[in-house]
Each structure stands twice: as C-alpha cells, then as structure tokens.
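When you line the sequence shown up against mature numbering (1 follows the signal peptide of the UniProt record, and there is no 0), it's residues -28 to -1, 1 to 477, in that order. Glycine residues also receive a C-beta, built at the ideal position from the N, C-alpha and C atoms. All figures in this text were calculated on a predicted structure; none of them were measured in a lab.
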Amino acid sequence: MAVDVHQVWLLSLLLLLLLLLMKKKISNKQNKNLPPSPPKLPFIGHLHQLGPLPHQSLWQLSKKYGPVMLLRLGYLPTVIISSAEAAKVVLKTHDLSSCSRPPLHGPRRLTYNFRDLAFAPYGEYWREIRKICVLELFSVRRVQSYWSVREEEITRLINSISHHASSSSPVDLTEKLFALTAGMIFRIAFGTSFQGSDFNHTRFNEVVQAVEATMGSFCAAEYFPYVGWIVDRLSGLQERREKVFRDMDTFFQSVIDDHLSPGRTKQQHDDIIDVLLKIVKEQEGFGAAHLTEENIKAVLLNIFLGGVDTAALTMVWAMAELAKRPSLMKKAQDEVRNCVGNKGKVTDGDTDQLHYLKMIIKETFRLHPPAPLLLARESISHFEVNGYDIYPKTMIQVNAWAIGRDPESWKDPEEFIPERFMDSPIDVKGQHFELLPFGSGRRVCPAIYMGTTTVELGLANLLYSFDWKLPNGMKEEDIDMEESAGLSLTISKRTPLKLVPEKHF
C-alpha cells in the first residue's frame, strides 16, 4: 500500500501540536498553587459535604483544610475564607479584584437582581446605585430623621408586651421583634403603617419570607448549567419563584402608584420611595444609573431582605443569651435604668451612653451574625491569598460565623462574654476583620448605622421596661440555642424565644 507523504506530514504535525497542548496544560496545572481541597465526587463536586447548616459544615472542613479552602460546588469553583487574616487580604488588600457578584441563574434570579445593590455586578452602574444608597437613603442625617417612627413603633411594642405582663403569661419575643422591625421598615420605606395600609403585617411577612426562601434555596441551574433547570422545573421551584415575584412586584407597584397619586397626603418626612422618585424625576448626576420604577423596586427588595430579619434576629439572640445569664441581664438593665432614670422610655439620644449594651450587641454579632456567610463575591482578576492562587470567575465565600469562633482571634470563642469588648477598638464597620456582621470593603452593607440604631433602641427599651423571667418549670440551661436550618439567607433561632415579662416602669 502506497504511503501518502503529505498525510504523514499532516499527521505528524497534528501529533506535535497535541503534545505541545498537553505539555502546556500539565505545566499550567503544575504552576497553579490552588488552595487545599477535600476529596470530591464526580459531577457534584463537594455539594454532598454541605449539611443543612452550610456555615457549620464549612467551619468543620476548614479545621482540617485550613482558612483558605477550595471547593467545587457543581461546576462552580468556590474559595471559602474562614480567618480574619485571610478575610483582610480578600476584602481589603484585593477588594477591587474580588468585588463583583456571581450571576444568579434559574429560579434564584429575579428581574431586579441586575438593578439592585446586593447582586448587581461591579461597574459604573453599581457604583452610582451605591452612591444613592449611602448619600440619600442611609446617611446619618436620613436615619436620624426617622427617630419618631422608631420611637412610635417601640412604644407599640412595649404596650403590646404589657398586656402579657399583667397576666404573667409568656410572650413570644421572636414574633414581637419581627413585628417591630417589619413595622419600622414598612413606615420608613412607604411612609405609612400597617394600620393605614391594605397590606397587613401577616401578608407582608409572608411575602418577605417567601422571597428569602427563594433566594436562599438550592438552585440546580446555578450549579449545573444546561441541565439543572430541568430539576428546578420538576421540583416546583421555578413555579414558586414566579409566584413570589408576581406577589412582590404587585405589592411594590401598588405603593409606588400610591406615592404618585396627586391626592396623597404629604408626610412629615420623605420616605424612601419619595427620595427615589425625586431622583427618577431629576436624573441629575446619575448617568449610568438612569433610574426607573424597576430600580426603585430593586432597592426596596434590598431593604426588606437586609433590614427586617437581621435586626430582629440580633435582638432575639441577644435576649436569649441574656436570659441564660441573669447576672449579665441585670448588669445591662442597671446601666439602662441608671442612665434613663424615670423618663419612661429610652430615646435615640440615650443609647450613646449605654456602653455595656453596645458590648452585648457586638458579642451577639460575633456569635450569631445574622448572615453567617457573607453574600458571595466573584473574582475579577488573579490575586493570591495566603500564598494560594485565586483566578478570575472564582466564587469567594467569607464565613463570618467561623471567623467569630476562631480561637486565633478570640479567647474562649464559644463563650458569650460582652466584657471582651471593654477598652477594645473592634467595631462592626468592616475595618476589623475578626467581626464582620455587615461585611467589608466596597460591598460592605451601607445601612450599618440604621441597623445598629434599631437594635440598640429596641434592646434598650426591652431591658428598661421589663424584668424578664423564664416560664414556669424552665431553667436557664433549657433555653434552646440551636440554629434553624430553614431556607433563608439568614440564620434564626430554631425555636421561638418565649419569656415572661414583669413590668418595671
């Protein structure tokens, strides 16, 4: 059989190119210094190692594989950060290289996600939206302008609890505190209370919780492109997502339409929709962020997801920790009552003097950060963390819950000790990486002042107005401090906190 010389040369050339490509691939793999990683399974990677409480599962894995750990969640390469030192490198040193957001897919992707502050990718549009939030919506001046809303809603809370005090029956503080924060956010955002709205408190909570469940649920399309959508459709997740979005969109549109109505009664202070509608009308200085009503809905979504649960959960956890430690409860009550005297209630101006209360809140944030895993980042460019290579399009997850329990940063990390913050410069603003309840860097929560103000005022009034006892037959050690494994971006106490109030003032 004759041999075609041209075919031989072509075959030889193809083999040479193949060998060069294989050599390059092997060389690249050898040159990469990736973070350590647990053994993985085909196709699903490490998804099977995430239990019902992922932050705890990741914490346990980090004890073996280190504070910078690489996981494969389906097709997603994900780096888990579990120490203050590594978090500082990501969130400060290489903040610009890791400040984007991974795109949401399938049922977790809502129409607003590329317009809001939390999930929009990094760029000019996101920077301008953040400027609006920082300067117009959550500035100290704006938050202080809502002092009457906070005090009126807290008065309503205290009056509601007083009915239980007169009968010595337990009160569900979890329910009461969620009603408090929902009422505040509702009025700050919309300028009206539940009592003046067709949208009652129960319905509002249902919509917020449904959105959180959708955003926090497992989405197969996100981890397994091209095929995962089939699982989401068959499981009913896609259908639930569509219903949640319709309910939420209808609600937001109704309150925007109400604000645009010529007959609307002017409020004492502009609410958040008023502020945003003014920006929509003027459109000055916000070129890339040309706002529409869809943008307003996106900002409202962020406020509800970030504002209702987080403040309420922090107060619930703080009261649970104090109920387990009556001596700390009394110390906090003595401080509040000595400071406020016989005024009858704690006001915004009083909380600056409540130093021990602030320590309690910091310690609560350390042990019980409302969002134990900070919202995932996506790397934009290559950088190194602790000597390991992080490449573009890598998802980065900071485990704030694990960092708060790191013995390298905290003495007796499992113990609730507010005094550890005495004479300590550590705060929650994102500059001290041992404590990150609000994140840090460009993606830090812009509503830190609003959140801490709500928690301080709510807790101070609970401690000032009532003495708190356990229900009959219950001991301090019986208080359940386990976390809920529900579908949510936040982590709540597994069982409601029920205590018996005794009226003090």
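If you check the CB distance, Ser70 and Arg349 come in under 8 Å.
At the C-beta level, Phe223 and Val280 stay beyond 8 Å of one another.
At a cut-off of 3 residues, the continuous stretches assigned as beta strand (DSSP E) that sit fully inside the stretch 419 to 466 are 438 to 441. Here Phe158 is buried. Its C-beta has 16 or more other C-beta atoms within 10 Å. Here Ile352 has Leu68, Ser69, Ser70, Cys71, Ser72, Tyr94, Pro364 as same chain residues with Cβ atoms under 8 Å from its own Cβ, once five neighbours each way along the sequence are excluded. Per the DSSP secondary-structure output, Asp144 pairs in a beta bridge with Lys470.
Thr282: member of the alpha helix (DSSP H) spanning 265 to 296, first to last residue.
Within the stretch 350 to 402, the runs of beta strand (DSSP E) that reach at least 3 residues and sit entirely inside it are, in chain order, 355 to 357, 360 to 362, 367 to 370.
The bridge partners DSSP lists for Pro49 are Arg44.
With distances taken between CA atoms, Ala90 lies nearest to Leu277 out of Leu129, Asn131, Arg205, Leu277. DSSP lists Leu13, Leu45 as the bridge partner or partners of Gly17.
The three-state reading of DSSP puts Lys475 in strand, counting E and B together. By the Cβ rule, the stretch 130 to 144 does not count as touching the stretch 294 to 307, because fewer than three pairs are nearer than 8 Å. For Asn314, no alpha helix (DSSP H) encloses it, and the DSSP letter there is neither H nor E. Proximity to Pro397 across Glu254, Phe15, Lys103, Met331 peaks at Met331, based on C-alpha coordinates.
The closest CA to that of Glu454, considering only Glu184, Gly402, Pro443, Pro468, is found on Pro468. Collapsing the DSSP output to three states places Leu345 in a strand.
In the three-state scheme derived from DSSP, where H, G and I count as helix and E and B as strand, Ser72 is classed as strand. DSSP, reduced to helix, strand and coil, places Asp204 within a helical segment of the structure shown. Contact annotation: Leu63 and Ser412 have beta-carbon atoms nearer than 8 Å.
Per DSSP, the continuous alpha helix (DSSP H) segment holding Tyr97 begins and ends at 96 to 104.
Residues Gly200, Val203, Asp204 of the same chain have their beta carbon placed closer than 6 Å to that of Ala192, with the five preceding and five following residues left out of the count. Judged by DSSP secondary structure, Asp230 falls within the alpha helix (DSSP H) whose first and last residues are 209 to 232. Under the three-state reduction of DSSP, Ala59 is assigned to helix. When Cβ pairs closer than 8 Å are counted between the two stretches, the stretch 419 to 433 is seen to touch the stretch 105 to 117, the count reaching three or more. If you ignore the 5 residues before and after Asp230, its C-beta comes within less than 6 Å of no other C-beta in its own chain. Rounded to whole angstroms, the separation of the alpha carbons of Lys441 and Ser134 is 14 Å.
At a Cβ-Cβ threshold of 8 Å, Val400 and Phe337 count as neighbours. With a threshold of 16 other beta carbon atoms within 10 Å, Thr282 meets it and is buried. Ser233 has its alpha-carbon roughly 48 Å from the corresponding atom of Gly376. Closest in alpha carbon position to Val472, among Leu435, Ile463, Phe150, is Leu435.
Listed in chain order, the non-local C-beta contacts of Val216 below 7 Å within the same chain comprise Ala182, Val183, Thr186, local neighbours out to five positions each way being set aside. With a contact defined as Cβ atoms closer than 8 Å, Val51 and Thr366 qualify at about 6 Å.
Under the DSSP assignment, Asp246 falls in the alpha helix (DSSP H) whose first and last residues are 244 to 254.
Judged by DSSP in its simplified three-state form, Phe190 adopts coil rather than helix or strand.
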